[in-house]
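Chemist:
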């Protein structure tokens, strides 16, 4: 790297040096080099690579390419594929089998890994992201890793998702991500990810500016005198690439470049000053005919390119290409790369210039030749599709077949690219193609678009398919009509969905026939969106009767599950329990193959059983539904199933499993581009984080959930988001704001937007908010309403929650004996319902009441029992509150350091707990607040942790916790 290319970059180089140095103590923030075309981003990254390499780091480099942005994960393939293939003997023994299976969907070179292990579906693309994160951590085991990803403004959608995931959750190793992109051309998802990472301190942005006149003169020292340098600065605008290009032209002609302004033309498709375009044309015109032909072929083959494919494109021999490369390397039009037999253009603008100045007809043929050569070499359809899409003729059914195969291959990990290829295949179909052939492409295209959250486009494609079907009723027409109605509901077009469904029923000879069941179930779900659970119940019951009359067991299972959910939401618990038993019997007698076509039955049933406190049955059905969804590629059900299962783990007291699952669900939801799903998952994660003592995460997730859903027509989720945020705000000492949120979004002091069973929980929270604000009368009324709803739904946990609300009011009113009695009854009820953490929380309230009643011995016994249960379950915040009550009674607290009496480094229980919270990213102040300790006490414990673990940083503490 010549020093003059780095003129004016002292500040940026200093920040790069600091980032490289930081690798010695763990992962530094990523670096984003941002600037206009030609401003020097690639030069700066090359200097970073040189300096990192000199410090002993492993440096891997990949670039996105303007014309290869339909190749899935291309920038990562460019960066990692060759290196990983080279170290495969060392990598294989340490690579987890599932991780390896996922990596095969990203890196084509991993042929040494088994490919018969099932990988996750479209909606679990985060698993491949985790696999790449794991790979990067493995690569950084021996020495720090610097991963350079250039030209990300051209990155394919799958690469953008992966980069965003790595920014959101960076590798837990000494890995420096160095990214480069143009500021105004970034894909929106990447732009949002970079902005979010910048706010959270996970990335440092380096905005490159144009050179000043003085810096231009320094750069051109020895190449141009002062007058020429001034002129070139004016013409280039201080852009280093433009400046270099104009200086090259000046050197060739030995004339003042200002004399050419009247005779040059712009380069097609390149947004550069006309003089720069002209100088590029002139430079390329000086090449020998043989070298220019090879260069043209290389521009079609790709950037980077290999001699064999460039030879095929140019219709020359590989020997011809190798000979021409010598000339192209000498004049610096192309350059070598770290990979053997792979070359790259000097700059993307140069490649663009070469490609755009080839003759259009020749270019078509070159892409055809590339596609044929790749096919002859056994390349995957995804590699050939790029060239076929640029050269195929309308009506070419072989091209349609390849594009269809490529779309199918890409659909699980790169659904946006898959949708693109399915679309091109549709365009290539001849006008005479049968409707069935067109529908076979429209349906997977609609599915791919829905996967990436492009619901309006998916809906449009489904309508196109529907229009191609015969007018008379049939299974496919029924399925597509119901799917269109479901999408209309998701898009908020509820009236349109109702009209579509009623019209479909009217077209049937018998509106209560088995064929009507899918329409009735969708009309039942319309009642869900409107919070009209009576309507939901009416249509579900009609659907069940129709299905049973027609002896359609699968449809009957779906209808019975929807009916059970309607009853659970409406609060008709006794009838809903009977319906749940019938639904479970119907569903359990279906095979997995049968349920694969009716997976909504299991999803609705598991959710209903959760609300009806049938927790074991809910877990069984949620697990079965998840397994079938993954086995059959129906990931659209996971945003409902995963929060349901995580909530069941929470209620059962298995916080670790709940957190692990809800974290996976959150990653998947962020990829879905579906706001409702993300809001639902976030509010669920907030509740789990709050129970686990992570108040910071609970607040952040609940706030985000409310902001996502606030302006959407989704009252059900909006009310639950308000409850999650209200809980987090109350726990963080903001009862007034918590009360305001509940009253605004959850239905006022009656909490009418919350469905029946959970309305008790909302009213109990409202009770605590009023008490925290000194509003006893309002709290009393909220607790009374909670008792009334608990009596209506007649569920054990709901009754326990209402008793706890009343106990809190009684304690505040100075009636500790009555409060203790109610709280202990609540504890027993929660335990009987199978909700141990909530039972222990009720015991904590009972302990406070008994203390106030001067019944110290009994208070100690209850508080010790609560503390032990909360400690065993990992509910750190509640446990810390119980320990505080014990200390107030003069009782010393001694906890074992771990469940089995052992801990890493001999840490005490408190030290191990603080180490876990450090690993979760909490600051000392946040840990102090979570554990009811002073910041100074936390600092003392943390010093002991550092000493015992023999570490010097919080990152090393986190690694020790993960290893243990």
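Numbering (this note's numbering), first residue to last: 142 to 1105. Heads up, the beta-carbon is just placed ideally off N, CA and C, and yes, glycines get one too.
Roughly how many angstroms separate the alpha carbons of residue 590 and residue 351, rounded to a whole number?
Modeler: Cα to Cα, the separation comes out at about 40 Å.
Chemist: Rounding to the nearest angstrom, what Cα-Cα distance links residue 305 and residue 487 in this structure?
Modeler: In a straight line, the C-alpha of residue 305 is about 28 Å away from that of residue 487.
Chemist: Please state whether DSSP places residue 403 in a helix, a strand or coil.
Modeler: Residue confidence is low: residue 403 scores 29 on pLDDT, short of 50, so the model does not pin down where it sits. Its coordinate-derived value is still stated next. If DSSP states are grouped into helix, strand and coil, residue 403 belongs with coil.
Chemist: Could you check what DSSP says for residue 174 in three-state terms: helix, strand or coil?
Modeler: Looking at residue 174 - three-state DSSP - the assignment turns out to be strand.
Chemist: Under the three-state reduction of DSSP, which class applies to residue 753: helix, strand or coil?
Modeler: Correct three-state label for residue 753: coil.
Chemist: If we ignore side chains and look at the alpha-carbon of each, how far apart do residue 411 and residue 417 end up?
Modeler: Below a pLDDT of 50, predicted positions are generally treated as unreliable, and residue 411, at 43, falls in that range; no measurement from the model is reported.
Chemist: Do residue 320 and residue 303 have their beta-carbon atoms positioned less than 9 Å apart in this structure?
Modeler: No, Cβ-Cβ distance for residue 303 and residue 320 is not below 9 Å.
Chemist: In whole angstroms, what separates the C-alpha of residue 598 from that of residue 584?
Modeler: Straight-line Cα distance between these residues: approximately 12 Å.
Chemist: With three or more beta-carbon pairs closer than 8 Å as the criterion, would you say the stretch 774 to 794 touches the stretch 239 to 254?
Modeler: Flag = no, the stretch 774 to 794 and the stretch 239 to 254 do not touch.
Chemist: Could you say if the stretch 542 to 549 and the stretch 564 to 573 meet the contact criterion of at least three C-beta pairs nearer than 8 Å?
Modeler: Contact holds: three or more Cβ-Cβ distances are below 8 Å.
Chemist: Give me, in chain order, the residues of the same chain whose beta-carbon lies closer than 8 Å to that of residue 384; leave out the 5 immediate sequence neighbours on both sides.
Modeler: Counting only Cβ-Cβ distances below 8 Å, and skipping sequence neighbours, we find 352, 357, 360, 361, 373, 374 and 377.
Chemist: Kindly confirm or deny that the stretch 190 to 203 and the stretch 274 to 291 touch, where touching means at least three C-beta pairs closer than 8 Å.
Modeler: These segments touch.
Chemist: Exposed or buried, what is residue 333 when buried is set at 16 or more other beta-carbons lying within 10 Å of its beta-carbon?
Modeler: When all chains shown are included, residue 333 counts as exposed.
Chemist: How would you write the range of the alpha helix (DSSP H) that residue 269 sits in, first residue to last?
Modeler: Where residue 269 is concerned, the enclosing alpha helix (DSSP H) stretches over 267 to 280.
Chemist: Given this structure, state the Cα-to-Cα distance separating residue 272 from residue 623, to the nearest angstrom.
Modeler: So the alpha carbons of these two residues sit roughly 36 Å apart.
Chemist: In the stretch 988 to 1072, which residue ranges form an unbroken alpha helix (DSSP H) of at least 4 residues, counting only runs that do not cross its ends?
Modeler: Complete alpha helix (DSSP H) runs here, min 4: 997 to 1014, 1017 to 1029, 1050 to 1060 and 1065 to 1072.
Chemist: Between the stretch 211 to 229 and the stretch 187 to 197, are three or more C-beta pairs nearer than 8 Å?
Modeler: In short, these stretches do not touch, since the Cβ pair count stays below three.
Chemist: Could you tell me if residue 348 is buried or exposed, where buried requires 16 or more neighbouring beta carbons within 10 angstroms of its beta carbon?
Modeler: The residue is exposed, with fewer than 16 neighbouring Cβ atoms inside 10 Å.
Chemist: Would you tell me roughly how many angstroms separate the C-alpha atoms of residue 690 and residue 649, rounded to the nearest one?
Modeler: Using only the alpha carbons, I get a separation of about 16 Å.
Chemist: According to DSSP, which residues form a beta bridge with residue 322?
Modeler: DSSP, once it has assigned bridges, lists 175 as partnering residue 322.
Chemist: On a CA-only basis, which of 715, 160, 653 and 728 is nearest residue 343? Give me that one, please.
Modeler: Measuring from the Cα of residue 343, the nearest candidate turns out to be 160.
Chemist: Apart from the five residues on each side of it in sequence, which residues of its chain come closer than 7 Å, Cβ to Cβ, to residue 1086?
Modeler: The residues are 1048, 1052, 1055, 1056 and 1098.
Chemist: Our contact map puts residue 712 next to residue 898 with C-beta atoms below 8 Å; I'd like the distance itself, whole angstroms only.
Modeler: Yes, residue 712 and residue 898 are in contact; Cβ-Cβ is about 6 Å, under 8 Å.
Chemist: For residue 765, which residues in the same chain have their Cβ closer than 7 Å to its Cβ, ignoring the five residues on either side in sequence?
Modeler: Taken in chain order, the residues that qualify are 743.
Chemist: Within 10 angstroms of the Cβ of residue 902, are there 16 or more other Cβ atoms? Answer buried if so, exposed if not.
Modeler: With 16 or more Cβ atoms within 10 Å of its Cβ, residue 902 is classed as buried.
Chemist: Can residue 226 and residue 250 be called in contact, C-beta distance under 9 Å?
Modeler: In this structure, residue 250 lies closer than 9 Å to residue 226 by Cβ.
Chemist: Could you tell me which residues DSSP puts in a beta bridge with residue 484?
Modeler: The partner list for residue 484 (beta bridge, DSSP) reads 446 and 477.
Chemist: Distance, Cα to Cα, residue 355 vs residue 379?
Modeler: In a straight line, the C-alpha of residue 355 is about 10 Å away from that of residue 379.
Chemist: Expressed to the nearest angstrom, what Euclidean distance is found between the alpha-carbon atoms of residue 864 and residue 883?
Modeler: Between residue 864 and residue 883, the C-alpha separation is close to 6 Å.
Chemist: With distances taken Cα to Cα, identify the nearest neighbour of residue 389 among 457, 474 and 340.
Modeler: Taking only the C-alpha atoms, the option nearest residue 389 is 474.
Chemist: Within its chain, find whatever has a CB closer than 7 Å to the CB of residue 682; leave out the 5 residues flanking it on each side and keep chain order.
Modeler: Contacts found: 704.
Chemist: Given that a residue counts as buried once 16 or more other Cβ atoms are within 10 Å of its Cβ, and exposed if not, what is residue 501?
Modeler: Result: exposed.
Chemist: Does the stretch 608 to 627 come into contact with the stretch 832 to 839, if we say contact requires no fewer than three beta-carbon pairs (one atom in each stretch) closer than 8 Å?
Modeler: Segments in contact, no.
Chemist: Which of helix, strand or coil does DSSP assign to residue 124?
Modeler: Any question about residue 124 goes unanswered here, given that the chain covers just 142 to 1105.
Chemist: Going by Cα to Cα distance, which pick from 441, 578, 458 and 492 is closest to residue 531?
Modeler: Here the closest residue by C-alpha is 441.
Chemist: Once DSSP output is grouped into helix, strand and coil, what is the label at residue 289?
Modeler: Residue state, collapsed to three classes: strand.
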